[in-house]
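Residue numbers (the working numbering): 4 to 377.
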C-alpha cells in the first residue's frame, strides 16, 4: 500500500486488521506517524480508540478548509480554480421634492446583488475560502455535522458588515445588479440593470413597454397613477407637458433628480447595508498537508508519487486527498478524490470525525475522549 492509499483509507474510515497492524509497526519507528496527514492521523487515533487530544484536533482542523467553488476536480489536479460569491445589499437614493408649500424627501429603495468571480489566491474583496474551525457552528450542529449546516455557517461568517463588491474586470470579475424595489412606501418591480464595469445590460424594464436605450432611467416611470396619488405626485386633471415624464405627473412639484444613472447607483450601493451573502457551492478539502495554502502556486502541487513508500514523511504542502462538495439548496453531497467521483457515498465517516474534532476544539466533549498521553 502506498502513502496515498494509506492516508485515503483512513480519511474514509477504513481500518481493517491488516492496516492496523501495519500502522502499529510504523509507530515503533515513528511514534508521531509523520507519514500521515494531520487529518489521517486523527482518523487513525479515532478509529483505533486511542483517543484524540486537543493538539491533534487543532492540527487536523488547521489543514481543513472550505472554498467557494464548484471545481473540485481542478483543485485536485493542482489547477488554480475559480471562486464565486454574492452579497445582497439594500440601499437608497434620496429625492428632494419642492412645492409651493415646502419640501419633503422621497426615498428610492433598491435591492441589489454584487457578484464576484475570481481565481483562488488572487485579489478577493469577499471571502473565497475559510478554515473549517473558523465557522460559527452551534453545538447541536456538530453531531451530526451536515453539509447544510456548513454552508449556512460559512455564509454567516463570510458576510461582511459593509458592501465589499466593486466593479472590476482585471484581478477578478466584479459585477452588480441593481433593482429598484420601492419608491417611498410603494413597492415597484424594476427596472433592473446589470453593471459589468465596461458593459451594461437591462434585465427588466419594470413598467416600461421596452428596455431603456440608455444607461439612465426615469424613476417616475415605474409608478402607476394610483401609486402616484398615494405619494401626492399626481395631478387632478390634464396631462404633463413633457413626453419623457408620466402624463399624470403634477406640474406643481420640482424634483432634485428625475433620472438615475450608473454612477448614482454605485455610489448608493457602496453606502448600503449588507443583508445577505451566498455561495452556490462549497468544497470541503480533506487530507491536505499542514502547510498547504489554497491558491498558493507553490502549494498547488501533488507531491505524492504513485509509488511513494508509506514510511515517508507526509509532504507538508500536499494538496487535499479528498474533496466533498455541498450544493446550495440540495441535500446531495459529492465526493471527489484523485481519479474518482461519487455521490452520497464515502463521506459519512469524514463528517463524523470532523464533528468530533470540532467538539474537542470547542471543549464540548468529556475528558475521556482526549488522550492524556499526547
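Cβ coordinates follow ideal geometry from the N, Cα and C atoms, glycine included.
Item, Value
"Inside the segment 72-135 only - beta strand (DSSP E) runs reaching at least 3 residues", "85-102, 105-122 and 132-134"
"Chain B contact for residue 51 (CB, 8 Å cutoff)", "In the structure shown, chain B does not exist; there is a single protein chain."
"Where residue 365 falls: helix, strand or coil (DSSP)", "coil"
"Residue from 299, 138 and 228 with nearest C-alpha to residue 1", "In the structure displayed, the chain extends from 4 to 377; residue 1 sits before or after that span and is not available."
"Burial state of residue 254 (16 or more Cβ within 10 Å)", "exposed"
"First and last residue of the uninterrupted beta strand (DSSP E) at residue 270", "Where residue 270 is concerned, there is no enclosing beta strand (DSSP E), although the alpha helix (DSSP H) it sits in stretches over 265-273."
"Classification of residue 235 by the beta-carbon crowding that lies within 10 angstroms, buried from 16 upward", "exposed"
"Distance between residue 286 and residue 149 (C-alpha atoms, nearest Å)", "13 Å"
"Cα-Cα separation between residue 142 and residue 42, rounded to whole angstroms", "21 Å"
"Residue range of the unbroken alpha helix (DSSP H) whose run includes residue 204", "Element bounds for residue 204: not the alpha helix (DSSP H) but the beta strand (DSSP E), 203-207."
"Distance between beta carbons of residue 200 and residue 171, contact taken as under 8 Å", "6 Å"
"N-terminal and C-terminal residue of the alpha helix (DSSP H) that residue 14 is part of", "6-14"
"Stretch pair the segment 118-138 + the segment 97-109: three plus CB contacts closer than 8 Å", "no"
"Whole runs of the alpha helix (DSSP H) within the segment 215-268, excluding any shorter than 4 residues", "228-234"
"Proximity to residue 96 [Cα-Cα], best of 13, 353, 362 and 262", "262"
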